[in-house]
Amino acid sequence: MVSTEDVVEKGFIGLDLSKDCSTEGGEIQMLTGCANAKAGDCIDGSETGSRRNLGIESGNSPACATKSRCVGLETPSCGSKTDDGSYCGPTKVRCDRSSCHNGESVLPASRFVKQAKTEPDIEKGASAILHVSLAVEGLTCTGCETKLFRALSGIPGVRNLNTSLVLSKAEFDLDDQAGPIGEVIRAVEKSTGFACKRLNTEGQELDVLVDGDAEAFVQRQYPGGIMQLCAVDKRTVRITFDPTSIGARAVVGSLFGVQLHLAAPRTSSDLESGRKHVRHTAWVTLLSAGLTVPVLVLAWAPLPSRPIAYGAASLALATAVQFVIAGQFYVSALRALIFMRVIEMDLLIVLSTSTAYIFSVIAFAYQAMGRPLRIGEFFETSTLLVTLIMLGRLVSAFARQRAVESVSLRSLQNQTAVLCDSEGHDEQEIDVRLLQHGDLFKVSPDSRVTTDGVIVIGATEVDESMITGECLPVEKHPGSSVIAGSINGSGVIVARLTHLPGHNTISTIAAMVDEAKFQKPKTQELVDIVAGWFVPVILVLTIITFVVWVAVGISVRQQSAATAVITAITYGVSVLIVSCPCAIGLCIPMVIVVAGGAAAKHGVVFKSALALESARKVSHVVFDKTGTLTEGRLSVIEEVILTDKELATSITLGLTSNSKHPVSAAISSYLQAKGVKAADTKDVRSITGKGVEGTYAGDVIRCGNTRWLQVQDFPEVQSLLRNGLTVFGVTIRGQPLAVFGLSDSIRPETKFVLAELKKRRIAISIVSGDDAGATNALAAELDIPLKNVRSRCTPADKQDYLKNLETEKCTIFCGDGTNDAVALAQADIGVHMSGGSDVAQTAADVVLVRPVLTGILVLLDLSRAAMRRVVLNFTWSFLYNLLAILLAGGAFVHARIPPQYAGLGEIVSVLPVVLIALQLRWFKRNYESQLH
Numbered sequence: 001m002v003s004t005e006d007v008v009e010k011g012f013i014g015l016d017l018s019k020d021c022s023t024e025g026g027e028i029q030m031l032t033g034c035a036n037a038k039a040g041d042c043i044d045g046s047e048t049g050s051r052r053n054l055g056i057e058s059g060n061s062p063a064c065a066t067k068s069r070c071v072g073l074e075t076p077s078c079g080s081k082t083d084d085g086s087y088c089g090p091t092k093v094r095c096d097r098s099s100c101h102n103g104e105s106v107l108p109a110s111r112f113v114k115q116a117k118t119e120p121d122i123e124k125g126a127s128a129i130l131h132v133s134l135a136v137e138g139l140t141c142t143g144c145e146t147k148l149f150r151a152l153s154g155i156p157g158v159r160n161l162n163t164s165l166v167l168s169k170a171e172f173d174l175d176d177q178a179g180p181i182g183e184v185i186r187a188v189e190k191s192t193g194f195a196c197k198r199l200n201t202e203g204q205e206l207d208v209l210v211d212g213d214a215e216a217f218v219q220r221q222y223p224g225g226i227m228q229l230c231a232v233d234k235r236t237v238r239i240t241f242d243p244t245s246i247g248a249r250a251v252v253g254s255l256f257g258v259q260l261h262l263a264a265p266r267t268s269s270d271l272e273s274g275r276k277h278v279r280h281t282a283w284v285t286l287l288s289a290g291l292t293v294p295v296l297v298l299a300w301a302p303l304p305s306r307p308i309a310y311g312a313a314s315l316a317l318a319t320a321v322q323f324v325i326a327g328q329f330y331v332s333a334l335r336a337l338i339f340m341r342v343i344e345m346d347l348l349i350v351l352s353t354s355t356a357y358i359f360s361v362i363a364f365a366y367q368a369m370g371r372p373l374r375i376g377e378f379f380e381t382s383t384l385l386v387t388l389i390m391l392g393r394l395v396s397a398f399a400r401q402r403a404v405e406s407v408s409l410r411s412l413q414n415q416t417a418v419l420c421d422s423e424g425h426d427e428q429e430i431d432v433r434l435l436q437h438g439d440l441f442k443v444s445p446d447s448r449v450t451t452d453g454v455i456v457i458g459a460t461e462v463d464e465s466m467i468t469g470e471c472l473p474v475e476k477h478p479g480s481s482v483i484a485g486s487i488n489g490s491g492v493i494v495a496r497l498t499h500l501p502g503h504n505t506i507s508t509i510a511a512m513v514d515e516a517k518f519q520k521p522k523t524q525e526l527v528d529i530v531a532g533w534f535v536p537v538i539l540v541l542t543i544i545t546f547v548v549w550v551a552v553g554i555s556v557r558q559q560s561a562a563t564a565v566i567t568a569i570t571y572g573v574s575v576l577i578v579s580c581p582c583a584i585g586l587c588i589p590m591v592i593v594v595a596g597g598a599a600a601k602h603g604v605v606f607k608s609a610l611a612l613e614s615a616r617k618v619s620h621v622v623f624d625k626t627g628t629l630t631e632g633r634l635s636v637i638e639e640v641i642l643t644d645k646e647l648a649t650s651i652t653l654g655l656t657s658n659s660k661h662p663v664s665a666a667i668s669s670y671l672q673a674k675g676v677k678a679a680d681t682k683d684v685r686s687i688t689g690k691g692v693e694g695t696y697a698g699d700v701i702r703c704g705n706t707r708w709l710q711v712q713d714f715p716e717v718q719s720l721l722r723n724g725l726t727v728f729g730v731t732i733r734g735q736p737l738a739v740f741g742l743s744d745s746i747r748p749e750t751k752f753v754l755a756e757l758k759k760r761r762i763a764i765s766i767v768s769g770d771d772a773g774a775t776n777a778l779a780a781e782l783d784i785p786l787k788n789v790r791s792r793c794t795p796a797d798k799q800d801y802l803k804n805l806e807t808e809k810c811t812i813f814c815g816d817g818t819n820d821a822v823a824l825a826q827a828d829i830g831v832h833m834s835g836g837s838d839v840a841q842t843a844a845d846v847v848l849v850r851p852v853l854t855g856i857l858v859l860l861d862l863s864r865a866a867m868r869r870v871v872l873n874f875t876w877s878f879l880y881n882l883l884a885i886l887l888a889g890g891a892f893v894h895a896r897i898p899p900q901y902a903g904l905g906e907i908v909s910v911l912p913v914v915l916i917a918l919q920l921r922w923f924k925r926n927y928e929s930q931l932h
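Note that UniProt numbering has the sequence shown beginning at 1, numbered continuously upward.
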């Protein structure tokens, strides 16, 4: 038994991050860390920050600060929360959200919370980090996105801010300096006028229909496993729960004492927000058109002359259009000007429509007083202008929405699932949202696989082309993994669920693609500068246009001052409206969105927009050897035992049985197939780039590469090296026990891919931790010069090699993730060869969902195609604005754009940009057919 004070005071003293912190076993809910961690040691979602224990500072050394996980800690460790709100105490803790293990004490939650609140380190002033995702309604143009970005970036405590016009979302990290998240959202809504809603990033959500008032339902006490209740509308409640402690069917069943019913399924936040914006804009446009048509009839139809009556009716209708329809532009422009000190596109609309409207009101007043002006009122100009602006925004929003939907991977997710028993009987069709851990589901022929799983009954072939880009069906049998969204062939299979729909391969890839959409390539920096100056420049050009036409009217055309001013106003209004920064702002984001979807359908996932931009300039590709250029399925060719065979093999299996390194896994499988029993090894740990170390009967035992073991000069080792084999040694107390010679086969596409790279004059290198004999033999077979080959490389050696290539335009490092993290980070573009549902477990810039090297060629081709369309978009946007402003400003004597039609400018400018980007939807590459 241990007290709360012991946990808080002792913290993580004595823990080794590399041994004691991992990503298995569940998340710690509060901030945790490890005392001996160094900057850069945190892995897979952990952050480096001040070392903390339950929110209490306990040292200056950096450590895992958030979302770290720990397994098997021997000393006081984590504050893992249990169902009843208490926390796991120390003593061999395995952290998860639902329970404590191994008989450790359970400590009251209140005591931990009290400690966390009453003993902060004031001198350090460090605070908790909260990651926030917001769905934002009302983003219509790049000016809106700029306004949102400035509003959020101006709030103290907001870090790592990213915004996306196309996704209508914002993401950022928030610390305690910013105050409660609710206040932050209200401040943003006040300064921008946008509606912001926080998106849940933890747990699983269900929308259910309740009898009675939803607000009253959410006030009840939360049952175990429920994280949050939120009223969506009068009858719909959004339930957030922990799927590892309670299933979805239990939530809608008897958990709340009543039977709940699922509400209609929701789409993803970006699609939902986009559809809502399109619907709203459509209704406003229809209303504007309904008010504008009568004004046009009164102005242009051959009606009896009743100027006062027609003018009064037009005034009423134009006033409704100006303040009901165009009122949103006034609010937006004034908010941006007052709160953000930004001149945006809406201000141009306000100035132009107000000018036309106010002049018409004055002209009508003179008409009513019996002193009509030489040029009468033209209410049709202001009303038609507003309506065409709304029509342009509607078409632009609809085109953007359809483009986003067309490349959305989430559409591959089935909406129903067929549950069954272990024999494939007792079928029951349910909503896919009700799946839970432990379920068995049946997949019929020619239907989509519901979610990720492992086959328990049946054999079939599966088309995974929509997920991995694999063009040929893949044979599946019991024990094989199946991927959500893939299409079953002719067989009937029963699979055991491994990932819930919200966390399966489709969701993971879609989230990674969305992450890339938030990223802004370097080219976007230039675009942002141009867009930022665009509106002020247009205002200056408008003033110049007005002054020039007043001077031309008076001095050249001999017009009266009033006539010249009115004519100049019409030209100025045209210039204000016809210019469009939206097309410039969408040049890159639309291409990134569509290219990301097209790449994902080829099994290539961009996690960084910068990678998509830079890949076309690649001049050097560096490959890891094992598992990248080769299959990674090594087989033991020779076994040399140097002492007692039973002892040597049992120790070897004891060291390698839990290692995921390809060499260790091959040795382990080989020995297990021979019936060897693992020795009782202790303190086994991996040494990155070297091997595995542990103890047996008090003696230090090691296995790994022969240089680390210092046995490379033994005759038995040299013999294996001369044969071009990968050599794996085992020692006890520094004395060799056994050596193994392993061989690997080259991937079938390797030679083809390398030949294609050479055709494109791209240099190729191999860096490997393997022995020189095996590495050089592979290089000779692949016709790679030895000057570009490095063997016996540690992770640091790989990093140094890539640093020496900094003179190259752009470098790619491609590895399978084993000991490659440093190299992936060092290269300009890190490419991780993944597999199936493990796509999220990498920090690379690009992930090949299916581990096939042709993805490198797809990456290069798509980058070139995408950047060509960016250039086309920029060219179109520049030419449009140049010609449109010249036409509107009257630069051409016999051609001009009247002010009432200038509102069509948004359609003419934005639609081609969207269509040019959308061409990437039909991007196709099928290199594997050339292999076959």
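Glycine residues also receive a C-beta, built at the ideal position from the N, C-alpha and C atoms.
Between Pro445, Ile455, Ala299, Thr451, which lies nearest to Glu423 when the distance is taken from Cα to Cα? For this step, residue 423 is matched to residue 423 along the sequence shown. That would be Ile455, whose Cα lies nearest to the Cα of Glu423.
Taking Leu742 as the reference, give the member of Leu647, Glu638, Val188, Asp797 with the closest Cα. Locating residue 742 in the sequence shown gives position 742, where the first residue counts as 1. That would be Glu638, whose Cα lies nearest to the Cα of Leu742.
Would you mind giving the Cβ-Cβ distance between Val132 and Lys169, rounded to the nearest angstrom? I have them listed as a contact below 8 Å. By 1-based counting over the sequence shown, the position of residue 132 is 132. By 1-based counting over the sequence shown, the position of residue 169 is 169. With 8 Å as the limit, Val132 and Lys169 do not qualify as a contact, their Cβ atoms being about 11 Å apart.
Residue range of the unbroken alpha helix (DSSP H) whose run includes Lys798: Reading the sequence shown from its first residue, position 798 is the one you call residue 798. From DSSP, the alpha helix (DSSP H) with Lys798 extends over 795–803.
Quick one: what does DSSP say Asn926 is sitting in, helix, strand or coil? As a working mapping, residue 926 is identified with position 926 in the sequence shown. Asn926: coil per DSSP, three-state reduction.
Looking at Ser396: is its Cβ nearer than 8 Å to the Cβ of Thr353? For this step, residue 396 is matched to residue 396 along the sequence shown. For this step, residue 353 is matched to residue 353 along the sequence shown. Contact flag unset, no.
Assign Leu915 to one of three DSSP states: helix, strand, or coil. Here residue 915 is taken as the residue at index 915 of the sequence shown, counted from 1. It is helical.
Where Ser719 and Thr163 are concerned, what is the direct C-alpha to C-alpha distance, given to the nearest angstrom? Your numbering for residue 719 matches position 719 in the sequence shown. Your numbering for residue 163 matches position 163 in the sequence shown. Each residue's alpha carbon lies about 59 Å from the other.
Whole-angstrom distance between Leu303 and Thr387, CA atom to CA atom: Locating residue 387 in the sequence shown gives position 387, counting from the first residue. Locating residue 303 in the sequence shown gives position 303, counting from the first residue. For Thr387 and Leu303, the distance between alpha carbons rounds to 23 Å.
Rounded C-alpha distance that separates Leu634 from Leu859: Walking along the sequence shown from the start, residue 634 turns up at place 634. Walking along the sequence shown from the start, residue 859 turns up at place 859. Straight-line Cα distance between these residues: approximately 28 Å.
N- and C-terminal bounds of the beta strand (DSSP E) containing Gln204: Position 204 of the sequence shown, counted from the first residue, corresponds to residue 204. Where Gln204 is concerned, the enclosing beta strand (DSSP E) stretches over 204–209.
At least 3 beta-carbon pairs within less than 8 Å: the segment 563–579 vs the segment 542–552: yes
For Gly143, list the residues DSSP reports as bridge partners. Translated into positions along the sequence shown, residue 143 becomes position 143. Paired residues: none, contrary to the question.
Report yes if the CB atom of Leu134 is closer than 8 Å to the CB atom of Gly157, and no otherwise. As a first step, residue 134 must be located in the sequence shown, where it is residue number 134. As a first step, residue 157 must be located in the sequence shown, where it is residue number 157. Going by C-beta atoms, Leu134 is not nearer than 8 Å to Gly157.
Quick check on DSSP: helix, strand or coil for Asn776? Start at 1 with the first residue of the sequence shown, and residue 776 comes out as number 776. Here Asn776 sits in helix by DSSP.
Could you tell me the distance, in whole angstroms, from the CA atom of Val839 to the CA atom of Ile509? Translated into the one-based positions of the sequence shown, residue 839 becomes position 839. Translated into the one-based positions of the sequence shown, residue 509 becomes position 509. With a pLDDT of 49 at Val839, under the threshold of 50, the modelled position of this residue cannot be trusted; read the value that follows with caution. Distance between the alpha carbons of Val839 and Ile509 is about 7 Å.
Given 8 Å as the limit, is there contact between the segment 914–931 and the segment 591–604, that is, 3 or more CB pairs closer than that? yes
On the criterion of 16 or more Cβ atoms from any shown chain inside 10 Å, does Arg400 qualify as buried, or is it exposed? To locate residue 400, count along the sequence shown from 1; it is residue 400. Buried, because 16 or more other Cβ atoms sit within 10 Å of the Cβ of Arg400.
Rounded to the nearest angstrom, how far is the Cβ of Gln436 from that of Ala248, given a contact under 8 Å? Your numbering for residue 436 matches position 436 in the sequence shown. Your numbering for residue 248 matches position 248 in the sequence shown. So it is a contact: roughly 5 Å between Cβ atoms.
When the Cα atoms are used, what is the spatial distance from Phe534 to Ser444? Your numbering for residue 534 matches position 534 in the sequence shown. Your numbering for residue 444 matches position 444 in the sequence shown. Roughly 57 Å separates the two Cα atoms.
Exposed unless 16 or more other CB atoms sit within 10 angstroms - verdict on Leu526: Within the sequence shown, the letter at position 526 stands for residue 526. Label assigned to Leu526: exposed.
Take His477 and list the residues in its own chain whose beta-carbon comes closer than 7 Å to its own, dropping the five residues that flank it on each side. Numbered from 1 along the sequence shown, position 477 holds the residue referred to as residue 477. Ile455, Ala459, listed in sequence order.
Answer yes if the segment 694–710 comes into contact with the segment 662–681, meaning at least three C-beta pairs across the two stretches below 8 Å, and no otherwise. yes
I'd like to check one pair, Thr706 with Val717: are the Cβ atoms closer than 8 Å? In the sequence shown, residue 717 corresponds to position 717, counting from 1. In the sequence shown, residue 706 corresponds to position 706, counting from 1. The answer is yes: Cβ separation under 8 Å.
Determine the direct distance from the alpha carbon of Val418 to that of Leu255, and round the result to whole angstroms. Within the sequence shown, numbered from 1, the residue matching residue 255 stands at position 255. Within the sequence shown, numbered from 1, the residue matching residue 418 stands at position 418. Straight-line Cα distance between these residues: approximately 23 Å.
Taking 8 Å as the threshold (C-beta atoms), are Ile343 and Pro536 in contact? As a working note, residue 536 is residue 536 in the sequence shown. As a working note, residue 343 is residue 343 in the sequence shown. Contact: yes.
Assumed close pair Arg790, Val753 - CB separation to whole angstroms, cut-off 8 Å: Residue 790 sits at position 790 when you count from the first residue of the sequence shown. Residue 753 sits at position 753 when you count from the first residue of the sequence shown. 20 Å between Cβ atoms; not a contact.
Whether or not the segment 596–607 and the segment 859–872 are in contact is what I'm after, with contact meaning three or more pairs of Cβ atoms, one per stretch, closer than 8 Å; do they touch? yes
Relative to the C-alpha of Gln524, which residue among Cys587, Leu296, Thr416, Glu631 is closest? Position 524 of the sequence shown, counted from the start, is the residue given in the question as residue 524. Selected option, being the one with the closest Cα: Cys587.
If I measure Cβ to Cβ from Tyr880 and keep anything under 6 Å in the same chain, skipping five residues before and after, which residues do I get? Walking along the sequence shown from the start, residue 880 turns up at place 880. Hits under 6 Å: Ser909.
Measuring CB to CB, does Asp452 end up less than 8 Å from His499? Your numbering for residue 452 matches position 452 in the sequence shown. Your numbering for residue 499 matches position 499 in the sequence shown. Contact flag set, yes.
Check whether the Cβ of Pro473 lies closer than 8 Å to any Cβ atom in chain B. Going by chain labels, chain B is absent from the structure shown, which holds only one protein chain.
In the DSSP assignment, what residue or residues form a beta bridge with Leu229? In the sequence shown, the residue the question calls residue 229 occupies position 229. BP columns for Leu229 point to Ile239.
Exposure of Arg869, with buried meaning 16 or more beta-carbon neighbours within 10 Å: Here the question's residue 869 lines up with position 869 in the sequence shown. Counting Cβ neighbours within 10 Å, Arg869 comes out buried, since at least 16 surround it.
Assigned secondary structure, Lys196 (DSSP; H/G/I helix, E/B strand, else coil): One-based indexing of the sequence shown puts residue 196 at position 196. Just to set this straight, residue 196 is Cys in the shown sequence, not Lys. Strand, per DSSP.
Pairs of beta-carbons, one from the segment 722–731 and one from the segment 764–781, closer than 8 Å: are there three or more? yes
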